[in-house]
Amino acid sequence: LFSGRVDFLLSAPQLKFLPEPDFPEIAFAGRSNVGKSSLINALTGRKAIARTSVTPGRTQELNLFEIGNPTQLRLVDMPGYGFAKAPPKVVEKWKKLVRSYLRGRPVLNRALVLVDARRGITKHDAEMMDMLDEAAVGYRVVLTKADKLKASELDKVAEATAQALAKRPAAFPVLHVTSSEKGMGIAELRAAVLSDS
Ligand code: GDP
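If you're matching positions, the sequence shown starts at 14 in full-length UniProt numbering and goes up one per residue.
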């Protein structure tokens with residue numbers, strides 16, 4: 014499926030700009046710079062679909078990608094969070110958009126919460142997971158940039174992350190370890206996204 018058609022569809026600054034809920038959706042969440050665009054590119058096998066199509070002004074919008082011909086699935090790139098100097102107004106707008114999407118989109122089947130392997134789960138990531146739990150949206154947690162750590166360090170982070178996840182109310186979110194740069198864990202995550210959709 015992912016080797017077929019992949020197209021940028023649109024950017025939605027508000028829920029009302031979303032297309033009809035005709036297909037299952039998988040949403041991507043994560044701190045700014047966590048490697049979200051790179052992961053979408055790696056999963057879809059496109060070099061720059063999530064970058065070329067998304068102009069800087071659109072970073073506070075939901076960016077939708079369509080997969081399959083005919084379309085079978087939509088990927089929804091949610092705006093990144095956790096940037097240091099975001100004015101409260103921007104954060105409020107972000108929350109409103111993301112919360113309304115998570116709560117008001119029946120075709121949203123699963124979210125992927127991306128976490129930088131070098132940092133582990135941050136306060137902002139935990140808040141994102143809280144929002145998902147409140148909206149009753151199931152999620153997977155994806156450690157990104159795994160190639161930046163030694164195998165022994167990576168084991169430690171994965172273990173600590175799994176332990177933190179086991180304490181969350183949602184029943185054991187699955188943990189994935191990936192590197193978009195090296196292709197690590199990408200085929201497995203792609204299969205997981207397909208089984209979720
Ligand atoms: P976004 O802001 O979450 O969309 O993040 P990007 O995908 O633009 O990535 C942010 C930075 O991290 C870029 O410089 C990427 O080249 C780098 N990056 C992303 N994924 C990986 C990875 O798997 N390994 C390494 N080493 N760098 C990565």
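Where a beta carbon is used, it is the ideal one built from N, C-alpha and C, also for glycine.
Predicted model, so just to flag it, every value in this text is computed and none were measured.
A63 burial status per 10 Å Cβ neighbour count (16 or more: buried): buried
T84 - DSSP class collapsed to helix/strand/coil: coil
Along the chain, which unbroken stretches of the beta strand (DSSP E) at least 3 residues long are found entirely within the stretch 96-177? 121-129 and 152-157
Buried versus exposed, by CB contacts within 10 Å (16 or more), T65: Residue placement at T65 is flagged as unreliable, the pLDDT there being 49, under the threshold of 50; the coordinate-derived value follows with that caveat. Flag for T65 reads exposed.
Out of K109, I80 and A205, state which residue places its alpha-carbon closest to the alpha-carbon of G17. I80
Should K180 and L127 be called a contact, given that it needs their Cβ atoms to be closer than 7 angstroms? no
Among L121, T174 and G117, whose alpha-carbon lies nearest the alpha-carbon of G133? T174
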